[in-house]
Every structure is written in structure tokens, then in C-alpha cells.
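*Asks:* A single structure is presented below for examination.
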């Protein structure tokens with residue numbers, strides 16, 4: 090069973106990743122964004138204010154490249170530059186309500202895709218699927234804490 094279970098999980102992971110990235114890329118294109126800008130918005134929505142240096146390190150791009158991404162997001166009204174309370178020479182980048190709304194729209198679109206999948210699972214199988222997914226989530230979260 091281990092080998093067939095492993096194969097099923099791998100196929101499931103690949104299929105859901107394709108579905109997620111297809112949704113993500115369609116969403117990004119329809120709003121005249123690009124993948125790096127959307128990832129920057131996710132980072133800011135998740136972490137709160139960051140400096141351009143923090144963003145460049147997280148995204149593994151140069152500081153000038155991160156600064157250009159920030160400029161485009163500022164122009165679009167998705168982020169703003171705010172003064173650092175501790176050091177006025179430093180400007181933090183903060184996601185705006187408009188940027189948060191955009192991130193939430195993408196999350197809702199993804200949630201709708203998930204609900205479509207769940208609707209196709211027979212009701213008598215849903216509880217078993219939920220238990221299995223819960224177990225997998227616990228394991229994956231513990232692995233993330235060790236990275």
C-alpha cells in the first residue's frame with residue numbers, strides 16, 4: 090500500500106499545484122500584475138510592514154529589483170511607503186487596504202476551486218478525506234517548523 094499511497098499523494102500534490110498556479114496566473118494576468126508583485130503582496134499581507142531589504146532577501150532578488158517592484162505596487166495603490174518609527178531615514182513598505190482586498194480576492198478564488206472539488210466528493214467519503222487531510226496538515230506543519 091505504501092507505494093501506491095505515495096504515488097496517489099504525489100499525483101494529488103502535482104494536480105493541486107497545477108490548479109493553484111493556473112488560478113494564480115490567470116488572476117495575476119487579469120489584473121495586469123505579475124507573479125513577483127503578487128508574491129510581494131502575499132509577503133506583506135502575511136508579515137506586515139517590511140523594508141525593501143527585507144523583501145529583497147525574502148524574494149531572493151536584488152534590492153534595486155525589489156525597489157522597482159515596490160514602485161509599481163505603490164503606483165497601483167496596493168502598497169505604500171511609511172516612515173519607520175524608530176529611524177526616520179528608513180521607509181517601511183506596507184500593504185494598503187486595496188492590496189489586502191486583492192490578496193483576499195485571490196484567496197476567495199482559490200477557495201471556490203477547492204469547494205468545487207469538495208462538492209464532487211461523495212458525502213459518505215468526505216469525513217474520511219477530512220481526517221486524512223488533517224493528518225497530512227499536521228505532518229507538513231511540523232516539517233515547516235523545522236525548516
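Residue numbers (the working numbering): 90 to 236. All C-beta atoms, glycine included, are put in the ideal place defined by N, C-alpha and C.
With H, G and I counted as helix, E and B as strand and the rest as coil, what does DSSP make of residue 180?
*Replies:* By one-based count along the chain shown, residue 180 stands at place 91. Strand at residue 180.
*Asks:* Under 8 Å between the Cβ atoms of residue 202 and residue 108?
*Replies:* The residue you call residue 202 lines up with position 113 of the chain shown. The residue you call residue 108 lines up with position 19 of the chain shown. It is a contact, given that the beta carbons lie within the stated cut-off.
*Asks:* Evaluate residue 188 with the Cβ neighbour count: other Cβ atoms within 10 Å of its Cβ, from every protein chain shown; 16 or more gives buried, anything less gives exposed.
*Replies:* If you number the chain shown from 1, residue 188 lands on position 99. With 16 or more other Cβ atoms within 10 Å, it is buried.
*Asks:* Taking all protein chains shown into account, do 16 or more other C-beta atoms lie within 10 angstroms of the C-beta of residue 133, making it buried, or fewer, making it exposed?
*Replies:* The count along the chain shown starts at 1 and reaches residue 133 at position 44. The residue in question, residue 133, is buried, as its Cβ has 16 or more Cβ neighbours within 10 Å.
*Asks:* Does the structure place the region 146-153 close enough to the region 176-192 that three or more beta carbon pairs sit under 8 Å?
*Replies:* Contact between the region 176-192 and the region 146-153 is absent, because fewer than three Cβ pairs lie under 8 Å.
*Asks:* Compute the beta-carbon to beta-carbon distance between residue 141 and residue 182, rounded to the nearest angstrom, for a pair I have assumed lies under 8 Å.
*Replies:* Position 52 of the chain shown holds residue 141. Position 93 of the chain shown holds residue 182. Contact flag correct, Cβ pair sits at about 6 Å.
*Asks:* Kindly indicate the opening and closing residues of the alpha helix (DSSP H) around residue 216.
*Replies:* One-based indexing of the chain shown puts residue 216 at position 127. Segment 212-234, the alpha helix (DSSP H) holding residue 216.
*Asks:* Pull the bridge partners of residue 172 from the DSSP assignment, please.
*Replies:* As a working note, residue 172 is residue 83 in the chain shown. Bridge partners of residue 172: 180.
*Asks:* Would you call residue 184 buried or exposed, if buried means 16 or more other Cβ atoms sit within 10 Å of its Cβ?
*Replies:* By 1-based counting over the chain shown, the position of residue 184 is 95. Per the 10 Å Cβ criterion, buried.
*Asks:* What residue from 194, 160 and 225 has the CA that sits closest to residue 180's CA?
*Replies:* Within the chain shown, residue 180 is the residue found at index 91, counting from 1. When only C-alpha atoms are compared, the closest one is 160.
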